[in-house]
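What follows is the structure in structure tokens.
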């Protein structure tokens, strides 16, 4: 029956829902990030020592790490959605998916590495 | 009709097979309360018999005369000249966007009609299913199963206005998705939801709602696409529970 | 035959002429989304200054306090607010909530955006 738009590894219900849910989480984390980083944190994290003191609280790296994953995933799904609008070929989309997954993993890995380093210095 | 005449320049897109597109001006005197289609017909009748354009009913029921008038999709048979230009002004008419041009103002709608057929689009529906779900019923309860023609004229103007349809030939477009929603409401066929559940279906829409803005009828394609999304997600969740029930039963 | 959908026509996404309010929402969401994606990359790069040590980070903060960077950051904040609030509109309408009032929702959310952006601008430029 499904012969108008054949099923593709593009963006069906699941990916779209994930993008929207992640978007909601980004808003929540961003509000938290702003309040904590710039209003609650002493000195507003405007010098190195303030940053180290801030990251000495174990909950902070966890929240920031989760924020990092959520924002990178939402960002990459969004950019992928824009690319889908350009009707890429199946092959190109597969290549781009690999680039996105690799790029996202590297960005998340790098961010978590930064968090680990900072936490170790506190 | 008004007494005073306007002098306007009708600028029409021309393109014949194998040729380049260009705009041809036709200065003319018009009655501002005439319709854009009247002006185009006058060009054909008195100036250039090679001008090709679609028209049929002349009263907004067939959807044949949809064109881009001064940048906006309009049904030219019900668009007065007064509403789109002024005395001494320009009236620019182009074919619908996102469809291949066959000749001048005529576009190739065959792919569109094929997709409508594949969506099992029915032009007739019971009153209770033909109206938009959020509107107050305009019929009595005992008339609910009486049938009427559905609102979609198959004019294609929504696809012309859609930003997603601008860059992708495989995106089915608002009219098809609205047709799927309309047919699903009538038949409840879950295959239709699977049809729309793809990157070229309901999930390609970016909520610009230009389709709703230009629809000359009462289809509200934007609303129907969002309703379709809701139904697709609901259907997926229902299937998930069904699977779990089967597992438990085993 | 020309006039067909084509990826090369993507610049027309950003042309609001002759279009309605929904197109403004679409354009704003796309521009802010892509802008924020670029900013995310820069932000991750900026955070490497923390690992490079106290001097590198503090030097960077000194740069961040310059007017040009502050204006840039203001654009980022504006983009984040607009993209986030319009995203709420998209999320709600996609589940049939307020679909008929999406225009009014967009106007309302953009007014809220302007207020928030003005608030942030006040704190950033006129605050202590």
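Protein chains in written order, with this note's numbering: chain A, 80 to 201; chain X, -4 to 245; chain H, 45 to 172.
Glycine is no exception: its CB is placed at the ideal position from the N, C-alpha and C atoms.
Here the structure is a predicted model, which is why all the values come from computation and not from measurement.
Open item on the list: Looking at chain H, is there any beta carbon in it that lies within less than 8 Å of the beta carbon of residue 186(A)?
Closed with: Within the first chain, numbered from 1, the residue matching residue 186(A) stands at position 107. Yes, contact with chain H.
Open item on the list: For a quick check, are the C-beta atoms of residue 136(H) and residue 142(H) less than 8 Å apart?
Closed with: If you number the third chain from 1, residue 136(H) lands on position 92. If you number the third chain from 1, residue 142(H) lands on position 98. Yes. Within cutoff.
TODO: Look up residue 4(X) in the DSSP assignment and give the residues it is bridged to.
DONE: On the second chain, residue 4(X) is found 9 positions in, with the first residue counted as 1. Residue 4(X) pairs with 22(X), 85(X).
TODO: Name the two residues that bound the continuous beta strand (DSSP E) containing residue 101(A).
DONE: In the first chain, residue 101(A) corresponds to position 22, counting from 1. Segment 92 to 113 is the alpha helix (DSSP H) holding residue 101(A); no beta strand (DSSP E) there.
Task: Candidates 104(A), 155(A), 184(A), 127(A): closest to residue 102(H) by CA position - done: Here residue 102(H) corresponds to residue number 58 of the third chain, with the count starting at 1. Comparing Cα positions, the closest option is 127(A).
Open item on the list: Could you check whether the Cβ of residue 197(A) sits closer than 8 Å to any Cβ belonging to chain H?
Closed with: Residue 197(A) sits at position 118 when you count from the first residue of the first chain. Cβ-Cβ to chain H under 8 Å: yes for residue 197(A).
TODO: Determine the direct distance from the alpha carbon of residue 139(H) to that of residue 149(A), and round the result to whole angstroms.
DONE: Along the first chain, read from residue 1 onward, the residue named residue 149(A) stands at position 70. Along the third chain, read from residue 1 onward, the residue named residue 139(H) stands at position 95. Taking the straight line joining both Cα atoms gives about 22 Å.
Task: chain A residues whose Cβ lies nearer than 8 Å to that of residue 105(H) - done: Within the third chain, numbered from 1, the residue matching residue 105(H) stands at position 61. Residues of chain A passing the Cβ test: 125, 126.
Task: Selection of the segment 155 to 183 of chain A by Cβ proximity to chain X, strictly under 7 Å - done: 163, 164, 165, 166
Open item on the list: DSSP three-state label for residue 62(H), please.
Closed with: The count along the third chain starts at 1 and reaches residue 62(H) at position 18. Three-state DSSP puts residue 62(H) in coil, outside helix and strand.
Open item on the list: Residues in the same chain with beta-carbon distance under 7 Å from residue 76(H), minus the five sequence neighbours each way, listed in chain order, please.
Closed with: Residue 76(H) sits at position 32 when you count from the first residue of the third chain. Cβ neighbours of residue 76(H) beyond the five flanking positions: 123, 126, 127.
- [ ] Mind listing the chain X neighbours of residue 46(H)? Cutoff is C-beta to C-beta under 7 Å, in chain order.
- [x] Taking the third chain and counting its residues from 1, one reaches residue 46(H) at position 2. The contacting residues are 16, 96.
Task: Buried versus exposed call for residue 12(X) [16 or more other C-beta atoms within 10 Å across all chains shown] - done: The residue given as residue 12(X) occupies position 17 in the second chain. Label assigned to residue 12(X): exposed.
- [ ] Pull up the CB-CB distance for residue 100(X) and residue 8(X), whole angstroms please, since I reckon it's below 8 Å.
- [x] As a working mapping, residue 100(X) is identified with position 105 in the second chain. As a working mapping, residue 8(X) is identified with position 13 in the second chain. Going by Cβ atoms, the distance from residue 100(X) to residue 8(X) rounds to 7 Å, so yes, they are a contact pair.
Open item on the list: Can you check which of these residues, 95(H), 150(H), 157(H), 162(H), is closest to residue 64(H) by C-alpha distance?
Closed with: Here residue 64(H) refers to the residue found at position 20 of the third chain. Out of 95(H), 150(H), 157(H), 162(H), 150(H) has the C-alpha closest to the C-alpha of residue 64(H).
- [ ] Would you list the residues sitting across from residue 68(X) in a DSSP beta bridge?
- [x] For the purposes of this step, residue 68(X) is identified with residue 73 of the second chain, where counting begins at 1. In the DSSP output, where bridge partners are listed per residue, residue 68(X) has 63(X).
Open item on the list: Between residue 234(X) and chain H, is any beta-carbon pair separated by less than 8 Å?
Closed with: Along the second chain, read from residue 1 onward, the residue named residue 234(X) stands at position 239. No, no contact with chain H.
TODO: Evaluate residue 171(H) with the Cβ neighbour count: other Cβ atoms within 10 Å of its Cβ, from every protein chain shown; 16 or more gives buried, anything less gives exposed.
DONE: For the purposes of this step, residue 171(H) is taken as residue 127 along the third chain, with counting starting at 1. The residue is exposed, with fewer than 16 neighbouring Cβ atoms inside 10 Å.
Task: 7 Å Cβ cut-off: residues of chain H touching residue 100(X) - done: Sequence index remark: in the second chain, residue 100(X) carries index 105 (1-based). Ordered by position in chain H, no residue passes the 7 Å Cβ test against residue 100(X), which lies about 11 Å from the chain.
Task: Contacts around residue 59(X), its chain only, beta-carbon distance under 8 Å, and the 5 residues preceding and following it disregarded - done: Along the second chain, one-based indexing puts residue 59(X) at 64. The residues are 49, 50, 51, 52, 150.
TODO: For residue 246(X), I'd like the list of residues in its chain whose CB is within less than 8 Å of its CB, leaving aside the five on either flank, ordered along the chain.
DONE: No statement about residue 246(X) is possible, as the shown extent of chain X runs from -4 to 245 and does not include it.
- [ ] Have a look at residue 189(X) and residue 197(X) and give me their C-alpha separation to the nearest angstrom.
- [x] For this step, residue 189(X) is matched to residue 194 along the second chain. For this step, residue 197(X) is matched to residue 202 along the second chain. Cα-Cα distance, rounded: 10 Å.
Task: Within chain X, partners of residue 146(H) - CB distance below 8 Å - done: Start at 1 with the first residue of the third chain, and residue 146(H) comes out as number 102. Near residue 146(H) (Cβ distances below 8 Å), the residues of chain X are 202, 204, 217.
Task: C-alpha distance - residue 129(A) paired with residue 184(A), whole-angstrom precision - done: Counting from one through the first chain, the residue named residue 129(A) turns up at place 50. Counting from one through the first chain, the residue named residue 184(A) turns up at place 105. Computed Cα separation, rounded: 29 Å.
Open item on the list: Taking 8 Å as the threshold (C-beta atoms), are residue 147(X) and residue 174(X) in contact?
Closed with: As a first step, residue 174(X) must be located in the second chain, where it is residue number 179. As a first step, residue 147(X) must be located in the second chain, where it is residue number 152. It is a contact, given that the beta carbons lie within the stated cut-off.
Task: Endpoints, beta strand (DSSP E) assigned at residue 34(X) - done: The count along the second chain starts at 1 and reaches residue 34(X) at position 39. From DSSP, residue 34(X) is part of no beta strand (DSSP E) but of the alpha helix (DSSP H) over 31 to 41.
- [ ] Output the distance between the C-alpha atoms of residue 128(X) and residue 229(X), rounded to the nearest integer angstrom.
- [x] As a working note, residue 128(X) is residue 133 in the second chain. As a working note, residue 229(X) is residue 234 in the second chain. Their backbone Cα atoms lie some 17 Å apart in a straight line.
Task: chain X within 8 Å of residue 49(H), Cβ atoms only - done: Numbered from its first residue, the third chain carries residue 49(H) at position 5. Closer than 8 Å: yes.
- [ ] Count the other CB atoms, across all protein chains shown, that sit within 10 Å of the CB of residue 90(X); report buried if there are 16 or more and exposed otherwise.
- [x] As a position in the second chain, residue 90(X) is number 95, starting the count at 1. It is buried - the Cβ of residue 90(X) has at least 16 other Cβ atoms within 10 Å.
Task: Beta-carbon proximity list for residue 238(X), same chain, < 8 Å, skipping 5 on both sides - done: Sequence index remark: in the second chain, residue 238(X) carries index 243 (1-based). Correct list: empty, nothing qualifies.
TODO: Step through the CB atoms of chain H and report whether any lies within less than 8 Å of the CB of residue 208(X).
DONE: Translated into positions along the second chain, residue 208(X) becomes position 213. It does; some Cβ of chain H falls within 8 Å.
TODO: Quick one: grab the DSSP three-state call for residue 165(X).
DONE: In the second chain, residue 165(X) corresponds to position 170, counting from 1. The answer is coil: DSSP assigns residue 165(X) none of H, G, I, E or B.
Open item on the list: Helix, strand or coil, according to DSSP, for residue 214(X) in the structure here?
Closed with: Working through the second chain from its first residue, we reach residue 214(X) at position 219. DSSP places residue 214(X) in coil when its eight states are reduced to three.
Task: Cβ-based contacts, 9 Å cut-off: residues of the segment 176 to 200 of chain X near chain A - done: 184, 186, 187, 189, 190, 191, 192, 193, 194, 195, 196, 197, 198, 199
Task: Any chain H beta carbon closer than 8 Å to residue 144(A) - done: Here residue 144(A) refers to the residue found at position 65 of the first chain. So no, residue 144(A) is outside the interface.
- [ ] Using the Cα positions of residue 68(X) and residue 62(X), report the straight-line distance between them to the nearest angstrom.
- [x] Within the second chain, residue 68(X) is the residue found at index 73, counting from 1. Within the second chain, residue 62(X) is the residue found at index 67, counting from 1. Those two C-alpha atoms are separated by around 6 Å.
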